[in-house]
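**Student:**
In my numbering, the protein residues as written are 28 to 133.
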């Protein structure tokens, strides 16, 4: 349905406007295949630098710490590897993970 003054409806996930014989999505795909466009979608690069806001820094530390601990546990289970991880927070608090007891390590 066309409404005066509004563009025609498009499908979610892409712009299907016609440009000659190709749709805009087809043109973008062709450009990508030719190397003109490096990447259509994806995550942007994050600049690794100190987070100035202390609350944001603490939240980020907590989330990343939990992610590291989870990955260490997964690695030990999936690969039957002996994994040890020690993390110190900026306040000096210790967080650790060991897949085996420390006494049994040789």
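No residue lacks a Cβ here, since even glycine has one placed at the ideal position from N, Cα and C.
#1: Quick check on the DSSP output: the alpha helix (DSSP H) that includes residue 104 runs from which residue to which?
#2: Rounded to the nearest angstrom, what separates residue 120 and residue 50 at their Cα positions?
#3: With DSSP collapsed to three states, give me the class of residue 53.
#4: Can you give me the start and stop residues for the beta strand (DSSP E) that residue 125 sits inside?
#5: Examine the Cβ distances between the segment 93-103 and the segment 67-83 and report whether three or more of them are shorter than 8 Å.
**Tutor:** In short:
#1: Where residue 104 is concerned, the enclosing alpha helix (DSSP H) stretches over 81-106.
#2: Rounded to whole angstroms, residue 120 and residue 50 show a C-alpha spacing of 57 Å.
#3: helix
#4: 121-125
#5: no
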